[in-house]
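In our numbering, the protein residues as written are 1 to 176. A virtual CB, placed ideally from N, CA and C, is assigned to each residue, including glycine. These numbers come from a predicted model, not from an experiment. Reviewing the structure listed below.
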Amino acid sequence: MAVWLKIVTIAIRAAQLICAVVIVGVAGQYIADPVAERKGDLGHLSRFIFTIVFGTLSAFLAAIWLIPFSSNHMNWKFDAILALPLAAGGGWLAYCSIDTCGNPAFSDSSDAVKNINVSDDDDQLLKPGSSVCTKWRVLYVFSFAAAVLWMISAAVGFFWVKKHFVKPKPKAGRRR
Numbered sequence: 001m002a003v004w005l006k007i008v009t010i011a012i013r014a015a016q017l018i019c020a021v022v023i024v025g026v027a028g029q030y031i032a033d034p035v036a037e038r039k040g041d042l043g044h045l046s047r048f049i050f051t052i053v054f055g056t057l058s059a060f061l062a063a064i065w066l067i068p069f070s071s072n073h074m075n076w077k078f079d080a081i082l083a084l085p086l087a088a089g090g091g092w093l094a095y096c097s098i099d100t101c102g103n104p105a106f107s108d109s110s111d112a113v114k115n116i117n118v119s120d121d122d123d124q125l126l127k128p129g130s131s132v133c134t135k136w137r138v139l140y141v142f143s144f145a146a147a148v149l150w151m152i153s154a155a156v157g158f159f160w161v162k163k164h165f166v167k168p169k170p171k172a173g174r175r176r
């Protein structure tokens, strides 16, 4: 495997891991929020639980496959399959946030990144005072980003497998 391909694979897996950790952290913070429990309607939490489940699976697989072995590219089918529920979860979150937060826009991605808390002062993933809409935007932006990263990883794996595993051509001659 070429060195540049190993570097690209490690960068993609690290980005997948970061996106997955943000997804799990924000969704977990939203579910654990006592204000959400006081609303009485916890049925809307199913989309966050769905997002946490596939975010956790994404983080687990990205952490395992972060080690650069050639066999990681053999898992390109799992990469493509995992991208589907992450994209579905992001779409579900974006669809459900339209009534409360307005239509999703491309500017949501820059807003989502700006609201990530990078200071070590507290244990919150988002900046203090972040609204519900901010949490939803962060979730669907990072869900879509994770889905795109998993699809890129699947494409890299597909082309690597296609290049390195060539089907043998039948020999010319008579059959027995």
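Beta-carbon proximity check, residue i vs residue j, cutoff 7 Å
i, j, result
"R47", "W92", "yes"
"A154", "D99", "no"
"G90", "F54", "no"
"W150", "A83", "yes"
"L86", "A27", "no"
"A63", "L17", "yes"
"W65", "S97", "no"
C-alpha distance - residue i paired with residue j, whole-angstrom precision
i, j, result
"I152", "K167", "24 Å"
"A14", "C101", "30 Å"
"N103", "V141", "13 Å"
"I31", "T56", "15 Å"
"L45", "L139", "13 Å"
"V21", "W160", "27 Å"
"I7", "V148", "18 Å"
"A2", "D33", "47 Å"
"F158", "C19", "22 Å"
Minimum C-alpha distance to residue i - residue among the options
i, options, result
"L5", "F69, P85, G28", "F69"
"Y71", "H164, Y30, I81", "With the sequence shown as reference, residue 71 is identified as Ser, and Tyr is not the correct amino acid for it. When only C-alpha atoms are compared, the closest one is H164."
"V24", "T9, I12, K135, T51", "T51"
"I81", "L61, Y95, A94", "L61"
"A94", "V132, I67, K171", "V132"
"I67", "T134, K171, A11", "A11"
"T134", "M74, K169, Q29", "Q29"
"K162", "V3, A2, M74", "M74"
"T9", "C19, V156, I49, D33", "V156"
Near the ligand SAM: residue i beta-carbon under 6 Å from a heavy atom
i, result
"L66", "Because no ligand of any kind appears in the structure shown, any question about the ligand SAM cannot be addressed here."
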